[in-house]
């Protein structure tokens with residue numbers, strides 16, 4: 001335990017309260033390339049401590065930035081948080097007790113923690129150089145970000161955990177200058193990637209930009225449509241908050257009882273924070289609950305919710321280790337890695353209408369399930385020939401759509417989301 | 001004083017690393033948040049923090065930030081070292097130094113109101129949101145005061161104090177398996193007087209009634225229709241359909257359909273669109289942007305002609321435009337990007353009734369439900385909270401979950417009527433990698449768009 005946390009725990013132990021400390025100390029470097037030229041480079045440092053105090057069934061929360069504090073500053077911090085617990089009417093449902101935390105592999109890469117800024121900068125220059133080399137009729141932009149963080153949770157029940165994690169994000173964006181059309185690519189990793197990953201990003205963005213520049217609006221259509229994993233992600237995002245324990249508890253979720261049929265029997269959706277090397281993985285969540293695999297929908301049947309300690313307790317369930325937070329916030333419920341399991345049908349050679357991506361998910365209504373999302377890029381495949389389209393809207397109701405879902409076999413990863421292509425019945429206007 | 005030491009230190013470091021231009025922001029943020037769901041307090045916090053963001057320019061930008069006081073000087077040096085390493089070919093507008101001390105005036109500072117009073121406001125509002133078929137109610141309150149000291153290598157030294165308040169509530173109604181939500185938000189660069197001026201009883205009743213009514217509303221038709229947007233939706237529409245595409249950083253990167261169109265007619269006669277961060281008390285208002293440039297009113301479209309882009313120090317120089325103070329950052333830990341402030345459509349001369357009479361079959365759409373734009377393709381989408389079918393100039397049945405989509409270059413030329421009833425009172429946050437407070441509005445507007453309904 002770092003010294004400041006030890007001192008803080010000592011002060012808290014002398015008070016008649018339950019307490020929880022969440023601390024972070026991190027560093028990030030990021031590089032923004034505009035028009036094939038490195039334009040903005042940055043290196044940020046942050047650290048801080050969030051403190052929750054439970055007193056007479058009520059919760060107080062406060063934070064301080066930095067991890068260098070004198071004893072008297074820490075004492076004031078504790079007093080302030082206890083005072084807030086005294087006036088607060090936020091219900092306190094206890095903190096987690098210690099339990100075995102899984103070993104999650106591949107979430108820390110020493111090379112990212114130790115990379116000298118100059119080397120990261122050189123990689124960004126190489127990325128810009130690669131863009132100049134691959135540039136044809138488009139303007140290329142993109143970014144690289146690298147981050148390292150050490151964080152921990154300590155509470156009065158004896159939880160005492162800390163972990164290190166690293167992260168690398170790569171994005172590329174291509175805009176055609178001759179005719180309107182653009183393509184983008186984003187991927188994140190937990191280990192340092194070399195020029196191959198950067199080149200792949202550029203090529204994927206270029207491919208989509210080329211298709212987008214040729215795309216025209218499609219005639220209205222209703223029927224069988226295949227969604228690429230990018231579009232499946234958007235649909236899952238519209239649905240997602242219905243699984244959040246707080247939304248369930250406060251009556252804002254469409255879902256209420258496990259065992260209900262909510263999707264086709266081929267459709268299985270789960271959240272798993274223990275997957276090796278994935279961007280959403282962690283050994284324990286923001287309250288110290290072990291990371292785990294949680295089935296949300298299994299063969300079309302509602303099986304689980306995403307829960308933190310508080311809402312699990314209010315619902316009479318167990319936390320699924322989905323408390324997400326920073327030192328500035330109390331835990332909130334969020335997903336880790338979301339996985340749509342592969343189905344039986346191979347959809348790789350599907351002929352018909354395929355939607356690559358849609359946008360504007362936040363305009364959809366998660367409780368009614370209705371959505372109308374503009375198509376960023378789609379294509380019609382007939383006799384092996386591919387004709388791109390865009391500017392239509394994909395419209396439907398997410399709950400109805402899921403009942404027609406037939407996942408394909410081949411899984412693709414988009415950051416912390418994994419899914420195959422999924423065939424659905426949908427409407428395009 | 002600590003700041004004076006940092007100013008001296010920055011000067012020395014710039015000399016040492018050969019940096020021509022730098023700017024430093026040190027902010028102290030004081031914030032209180034209260035939130036409640038179904039009568040149960042969910043969140044209550046009161047915090048403050050201080051942080052630094054340092055930028056140095058050497059033909060490309062180097063930036064560093066820190067929130068631990070011991071790292072403040074290190075952040076300045078890091079930004080300069082990065083800029084030294086970066087050496088690019090870009091140029092920026094520098095201009096004359098500015099020395100100022102400016103505070104946005106408030107009648108009742110948040111610090112005069114104790115936390116019990118803020119909790120009482122939230123509780124009272126919550127109690128008014130109850131009723132049949134209402135299964136969920138949420139109330140949230142947040143106030144912040146950001147005191148920023150900005151200085152740069154030109155000799156600018158600017159201290160600003162900006163208060164900001166946001167208060168809102170929502171309900172979910174449920175009946176026979178159907179669920180619908182409705183909400184209302186208030187916000188401004190004002191003090192506690194903002195909430196004292198709200199008729200809470202009126203707005204809570206309205207929110208409850210609308211959520212219930214939406215349960216019975218049907219999905220709208222789909223296809224291209226004549227659409228009348230209410231002032232709130234006009235604001236969202238113009239923010240998405242025009243505002244983002246005139247952000248000069250996107251234009252510079254080839255990422256806007258409006259590149260190369262300055263001076264060209266891109267919209268109908270009579271359409272004038274303005275971004276004005278100097279409007280008193282509005283949510284997107286500020287005194288100086290995060291590059292130390294004074295906020296100013298900018299006409300984007302005058303009578304259908306594109307007359308300006310929104311710019312920052314870099315894009316003003318790039319396009320040879322007058323800098324207009326639209327470089328905004330989410331916080332001290334973020335680099336400024338070109339952003340909107342308060343964007344609105346100026347008044348025309350149509351009344352709402354005259355507009356309605358123009359529509360044989362179409363939709364009247366009300367309320368901001370968020371939007372998004374693909375500026376390179378020129379396609380945007382936006383959602384409305386409620387709508388009504390218009391038949392032969394008359395409002396008919398209510399429709400729900402209405403989302404629209406359009407092409408920027410088509411839809412600005414499809415505007416058929418501009419109302420005279422301008423309102424700019426729709427506070428929100430705009431995301432572009434970073435989130436900043438904005439406001440928007442305008443009058444009623446009659447145009448044409450693709451409606452994505454289920455029917």
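Residue numbers (the UniProt record's numbering), protein chains in the order written: chain V, 1 to 429; chain A, 1 to 455. We treat Cβ as the ideally placed atom computed from N, Cα and C, and that holds for glycine. These figures come from a predicted structure and were not determined experimentally.
>> Beta-carbon within less than 7 angstroms of residue 364(A)'s beta-carbon, same chain only, minus the 5 sequence neighbours each way: which residues are those?
In response: As a working mapping, residue 364(A) is identified with position 364 in the second chain. Correct list, in chain order: 228, 387, 388, 390 and 395.
>> residue 195(V) and residue 401(V) - do their beta-carbons sit closer together than 8 angstroms?
In response: Counted from its first residue, the first chain places residue 401(V) at position 401. Counted from its first residue, the first chain places residue 195(V) at position 195. Taking 8 angstroms as the Cβ cut-off, residue 401(V) and residue 195(V) do not qualify as a contacting pair.
> Quick one: which chain A residues come within Cβ less than 9 angstroms of residue 254(V)?
Replying inline: Counting from one through the first chain, the residue named residue 254(V) turns up at place 254. Within 9 angstroms Cβ-Cβ: 177 and 179.
> For residue 213(V), which of 285(V), 138(V) and 323(V) has the nearest alpha-carbon?
Replying inline: If you number the first chain from 1, residue 213(V) lands on position 213. Residue 138(V) is the option with its Cα nearest to residue 213(V).
> If you draw a straight line from the alpha carbon of residue 270(V) to that of residue 339(V), how long is it in whole angstroms?
Replying inline: In the first chain, counting from the first residue as 1, residue 270(V) sits at position 270. In the first chain, counting from the first residue as 1, residue 339(V) sits at position 339. Looking at the two C-alpha atoms, the distance is approximately 5 angstroms.
> If you count every other CB in all the chains shown that lies within 10 Å of the CB of residue 1(A), and 16 or more means buried, which is it?
Replying inline: In the second chain, counting from the first residue as 1, residue 1(A) sits at position 1. Residue confidence is low: residue 1(A) scores 49 on pLDDT, short of 50, so the model does not pin down where it sits. Its coordinate-derived value is still stated next. Classification for residue 1(A): exposed.
> What are the residues of the segment 201-224 of chain A that lie near chain V, defined by any Cβ-Cβ distance shorter than 7 angstroms?
Replying inline: 219, 222 and 223
>> Quick check on this structure: which residue in 192(A), 217(A), 167(A) and 161(A) has the alpha carbon closest to the alpha carbon of residue 179(A)?
In response: Walking along the second chain from the start, residue 179(A) turns up at place 179. It is 217(A) whose Cα lies nearest to the Cα of residue 179(A).
> Near residue 49(A), what residues of its chain come up, given a Cβ to Cβ distance below 7 angstroms and the 5 sequence neighbours on each side ignored?
Replying inline: Sequence index remark: in the second chain, residue 49(A) carries index 49 (1-based). For residue 49(A), where only same-chain residues beyond five positions count, the Cβ hits under 7 angstroms are 29 and 67.
>> At the 8 angstroms Cβ level, is residue 390(V) part of the contact set with chain A, yes or no?
In response: One-based indexing of the first chain puts residue 390(V) at position 390. Answer yes: the Cβ-Cβ gap between residue 390(V) and chain A drops below 8 angstroms somewhere.
> Residues in the segment 379-393 of chain A with C-beta within 7 angstroms of chain V's C-beta atoms, listed in sequence order?
Replying inline: 379, 381, 382 and 383
> For residue 126(A), is the classification buried or exposed, using 16 other Cβ atoms within 10 angstroms of its Cβ as the cut-off for buried?
Replying inline: The residue given as residue 126(A) occupies position 126 in the second chain. With 16 or more Cβ atoms within 10 Å of its Cβ, residue 126(A) is classed as buried.
>> List, in chain order, every chain V residue whose beta-carbon is nearer than 7 angstroms to that of residue 49(A).
In response: If you number the second chain from 1, residue 49(A) lands on position 49. Those are 65, listed as they occur along chain V.
>> I'd like to check one pair, residue 166(V) with residue 147(V): are the Cβ atoms closer than 8 angstroms?
In response: Here residue 147(V) refers to the residue found at position 147 of the first chain. Here residue 166(V) refers to the residue found at position 166 of the first chain. For residue 147(V) and residue 166(V), yes; Cβs fall inside 8 angstroms.
> Per DSSP, what kind of secondary structure is residue 275(A) in: helix, strand or coil?
Replying inline: Looking up residue 275(A) in the second chain gives position 275. Of the three classes helix, strand and coil, the one that applies to residue 275(A) here is strand, per DSSP.
> Under the rule that 16 or more other beta-carbon atoms within 10 Å means buried, what is residue 372(A), buried or exposed?
Replying inline: Taking the first residue of the second chain as 1, we reach residue 372(A) at position 372. Flag for residue 372(A) reads buried.
> Looking at C-beta atoms only, is the number of pairs between the segment 190-197 of chain A and the segment 323-330 of chain A that lie closer than 8 angstroms three or more?
Replying inline: no
> What's the gap between the Cα of residue 51(V) and the Cα of residue 74(A)?
Replying inline: Taking the first residue of the first chain as position 1, residue 51(V) is located at position 51. Taking the first residue of the second chain as position 1, residue 74(A) is located at position 74. Rounded to whole angstroms, residue 51(V) to residue 74(A) spans 27 angstroms at the Cα level.
> Of all Cβ atoms in chain A, is any one closer than 8 angstroms to the Cβ of residue 161(V)?
Replying inline: Against the first chain, residue 161(V) aligns to sequence position 161. No - not a single Cβ of chain A is within 8 angstroms of the one on residue 161(V).
> By the 10 Å Cβ neighbour count, where 16 or more other Cβ atoms means buried, how is residue 179(V) classified, buried or exposed?
Replying inline: For this step, residue 179(V) is matched to residue 179 along the first chain. That one is exposed.
>> At the 8 angstroms Cβ level, is residue 403(A) part of the contact set with chain V, yes or no?
In response: Start at 1 with the first residue of the second chain, and residue 403(A) comes out as number 403. So yes, residue 403(A) belongs to the interface.
> What residues match up with residue 58(V) in a beta bridge as DSSP calls it?
Replying inline: Here residue 58(V) corresponds to residue number 58 of the first chain, with the count starting at 1. DSSP, once it has assigned bridges, lists 55(V) and 91(V) as partnering residue 58(V).
> In whole angstroms, what is the alpha-carbon distance linking residue 289(V) and residue 383(A)?
Replying inline: Here residue 289(V) corresponds to residue number 289 of the first chain, with the count starting at 1. Here residue 383(A) corresponds to residue number 383 of the second chain, with the count starting at 1. Taking the straight line from one Cα to the other gives about 38 angstroms.
>> Relative to the C-alpha of residue 459(A), which candidate in 338(A), 305(A) and 119(A) has its C-alpha closest?
In response: Any answer about residue 459(A) is impossible in this case: the structure gives chain A only from 1 up to 455.
> DSSP on residue 138(A), reduced to helix/strand/coil?
Replying inline: Taking the first residue of the second chain as position 1, residue 138(A) is located at position 138. Strand.
> DSSP beta-bridge partners for residue 47(A)?
Replying inline: Here residue 47(A) refers to the residue found at position 47 of the second chain. The partner list for residue 47(A) (beta bridge, DSSP) reads 31(A).
> Nearest chain A C-beta to residue 187(V) closer than 8 angstroms, yes or no?
Replying inline: As a first step, residue 187(V) is located in the first chain; it is residue number 187 there, counting from the start. So, not an interface residue.
> DSSP state of residue 122(A), grouped into three classes?
Replying inline: Reading the second chain from its first residue, position 122 is the one you call residue 122(A). Helix, per DSSP.
> Going along chain V, which residues have a C-beta under 9 angstroms from residue 257(A)?
Replying inline: Walking along the second chain from the start, residue 257(A) turns up at place 257. Near residue 257(A) (Cβ distances below 9 angstroms), the residues of chain V are 180.
>> Report the CB separation of residue 352(V) from residue 408(V) in whole angstroms; it is logged as a contact under 8 angstroms.
In response: Within the first chain, numbered from 1, the residue matching residue 352(V) stands at position 352. Within the first chain, numbered from 1, the residue matching residue 408(V) stands at position 408. Not a contact, Cβ separation roughly 13 angstroms.
>> Using a 10 Å radius around the Cβ and a threshold of 16 neighbouring Cβ atoms, would you call residue 405(A) buried or exposed?
In response: The residue you call residue 405(A) lines up with position 405 of the second chain. Label assigned to residue 405(A): buried.
> Are the segment 215-235 of chain V and the segment 93-101 of chain A in contact at 8 angstroms, needing three or more beta carbon pairs?
Replying inline: no
> Residues in the segment 358-378 of chain V with C-beta within 8 angstroms of chain A's C-beta atoms, listed in sequence order?
Replying inline: 359, 360, 362, 363, 364, 365, 367, 368, 370, 371, 372, 373, 374 and 376
>> Which same chain residues end up closer than 6 angstroms to residue 304(V) when comparing Cβ atoms and leaving out the 5 residues on each side of it in sequence?
In response: The residue given as residue 304(V) occupies position 304 in the first chain. 294, 295 and 296.
> Secondary structure at residue 1(A), three-state DSSP: helix, strand or coil?
Replying inline: Stepping through the second chain from its first residue, residue 1(A) is reached at position 1. Bear in mind that a pLDDT of 49 at residue 1(A), under 50, signals an unreliable position, so the model cannot answer this.
>> Taking the beta carbon of residue 122(V) as the centre, do at least 16 other beta carbons fall within 10 Å, making it buried, or is it exposed?
In response: Along the first chain, one-based indexing puts residue 122(V) at 122. Exposed, because fewer than 16 other Cβ atoms sit within 10 Å of the Cβ of residue 122(V).
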